[in-house]
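Note that the protein sequences, when read in sequence, are chains A and B. With my numbering as the guide, the letters of the first sequence map in order to residues 164 to 314. With my numbering as the guide, the letters of the second sequence map in order to residues 164 to 314. Glycine included, C-beta positions come from ideal geometry on N, C-alpha and C. Read through the structure below, which is laid out as structure tokens, and then see the notes.
There are 2 protein chains.
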Amino acid sequence: MTNDHSIAASTGFLLSKIGQTTTNLFAEKLAPLGLRPKHCGLLAAVAGLPSASQQDLGSAMSLVPSAIVSIIDDLETARAIRRTQDVVDRRRHSIELTEKGRSLLKRVSKLAHEVDDQVLASLSAAERAALHSILVRVALDAGILQGDQQG
Amino acid sequence: MTNDHSIAASTGFLLSKIGQTTTNLFAEKLAPLGLRPKHCGLLAAVAGLPSASQQDLGSAMSLVPSAIVSIIDDLETARAIRRTQDVVDRRRHSIELTEKGRSLLKRVSKLAHEVDDQVLASLSAAERAALHSILVRVALDAGILQGDQQG
DNA sequence: TATTGTTATACTCTATAACTATA
DNA sequence: TATAGTTATAGAGTATAACAATA
């Protein structure tokens, strides 16, 4: 039926499908907190780029400025981050985690690792480690992670 | 900054991000053909499940019936698939690839493998093979692939 | 003039619910 | 009464363009 040249045999197809499944699983776990995966992506980006501007975060996450605004609005309403107007360039807003944001980040990180345990349940510890280190390489190469974020 | 307990250090986070990037890249390559990734997912599902009903395809792709209808409408308009009313149960429609659909599937499969080459450019052949076989395991476990589709 | 962030808007994706035709 | 497919509709996600404040 399928073979080496089919779509289903491409690694990218598997990455797309598994990535979507993983996102959905994470979204379910996040729902009781009133958060969505995009909010966690931003929290992670803020943690990795302290005092970044909204545009800095936008390029780190490959999102357009208008998309960043709505995510930041949500997280500011939840008191997880804080906008501070830059004193030298008053057009810019520095985004920083609040204490509440830091504790929220810990909670959602725990949920993310629970998702790992579910999605990767059938892998041995060695396979999990191999998968992770290969994915870090791919992510660094694609500019998804910065050099200090491979954890 | 980040550490073993951060979101960015979770394998699921990487799978989500890389999966999204891969999908976007595939979508760009597909655009000149007037297709989107979802159409290719359906073509692949039809190839893997010949003469399936729309509901069969829906469960294979984890999509609700109404979502399947619009994808099938598009592909039928493009003459890539054919709806045939089941003779024993006239509520059901068997979906089959046309000759045009088969050749389209070949073209998009080639594009999918081009995406692989881009996304996985920094990996050795051995790493690519290791990644692929681990992802097949994860996908089978998550019910994303059927047993005969690992290519 | 150019840039940062914002608003308004549009398009796609996905899901739910009501509907039809068949069983 | 239940099921396969369809339609209508609504919500979330993501992009573009016009705009205000500031440089």
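Per-residue burial, residue 273 (chain A) [other beta carbons within 10 Å of its own, 16 or more giving buried]: Looking at its Cβ environment, which holds fewer than 16 other Cβ atoms inside 10 Å, residue 273 (chain A) is exposed.
For residue 168 (chain B), three-class secondary structure by DSSP: Looking at residue 168 (chain B) - three-state DSSP - the assignment turns out to be coil, as it is neither helix nor strand.
In chain A, what lies closer than 9 Å to residue 223 (chain B) by C-beta? Simply none; closest approach about 11 Å.
With a floor of 4 residues, list each alpha helix (DSSP H) that falls wholly inside the stretch 239-292 of chain B, ordered by position along the chain. 262-282
Looking only at its chain, what residues have a beta carbon closer than 7 Å to the beta carbon of residue 258 (chain A), apart from the 5 residues adjacent to it on each side? Beyond the five residues adjoining it in sequence on each side, residue 258 (chain A) comes within less than 7 Å, by CB distance, of 209, 215, 217, 220, 235, 244 and 246 in the same chain, given in chain order.
8 Å is my cut-off, CB to CB: does residue 226 (chain A) come that close to chain B? no
Return the bridge partner residues of residue 214 (chain B) from the DSSP annotation. Partner(s): none; residue 214 (chain B) has no beta bridge.
Check whether the Cβ of residue 230 (chain B) lies closer than 8 Å to any Cβ atom in chain A. Judged by the 8 Å Cβ criterion, residue 230 (chain B) is not in contact with chain A.
First and last residue of the alpha helix (DSSP H) that includes residue 179 (chain A)? 174-193
Residue 170 (chain B) and residue 275 (chain A) look like a contact to me (Cβ under 8 Å); what is the Cβ gap, rounded to whole Å? 5 Å
Can you give the Cα-Cα distance for residue 213 (chain A) and residue 260 (chain A), rounded to whole angstroms? 8 Å
Return the chain-ordered list of same chain residues with a C-beta closer than 8 Å to the C-beta of residue 166 (chain B), the five sequence neighbours on each side being excluded. 172
On the three-state DSSP scale, how would you describe residue 305 (chain A)? In this structure, residue 305 (chain A) counts as coil in the three-state DSSP scheme.
Return no unless some Cβ of chain B is closer than 8 Å to the Cβ of residue 239 (chain A). no
Proximal residues, the stretch 282-297 of chain B versus chain A, C-beta separation under 8 Å: 282, 283, 284, 285, 286, 290, 291, 293, 294, 295 and 297
Same chain, Cβ closer than 6 Å to residue 314 (chain B), neighbours up to 5 away in sequence not counted: With a pLDDT of only 44 at residue 314 (chain B), under 50, the local geometry of the prediction cannot be trusted, and no value is derived from it.
Excluding the five sequence neighbours on either side, which residues of its own chain have a C-beta within less than 6 Å of the C-beta of residue 255 (chain A), listed in chain order? 216 and 249
Along chain B, which residues have their Cβ under 7 Å away from the Cβ of residue 180 (chain A)? 302 and 307
Option in A:188, A:176 and A:196 with minimal Cα separation from residue 270 (chain A): A:196
Classification of residue 288 (chain B) by the beta-carbon crowding that lies within 10 angstroms, buried from 16 upward: exposed
Whole angstroms is fine: what's the gap from residue 228 (chain A)'s alpha carbon to residue 200 (chain A)'s? Rounded to whole angstroms, residue 228 (chain A) to residue 200 (chain A) spans 18 Å at the Cα level.
For a contact defined as C-beta to C-beta under 7 Å, what are the partners of residue 264 (chain B) on chain A? None at all; the shortest Cβ gap to chain A is about 13 Å.
Taking only the alpha-carbon atoms, compute the straight-line gap between residue 223 (chain B) and residue 211 (chain A) and give it to the nearest angstrom. Roughly 38 Å separates the two Cα atoms.
Taking C-alpha atoms, which residue in A:198, A:263 and A:266 lies nearest to residue 237 (chain A)? A:198
Out of B:242, B:302 and B:308, state which residue places its alpha-carbon closest to the alpha-carbon of residue 262 (chain B). B:242
Whole-angstrom distance between residue 239 (chain B) and residue 233 (chain B), CA atom to CA atom: 10 Å
Test: residue 195 (chain B) CB closer than 8 Å to a CB of chain A: no
So with Cβ pairs under 8 Å, would you call residue 177 (chain A) a contact of chain B? yes
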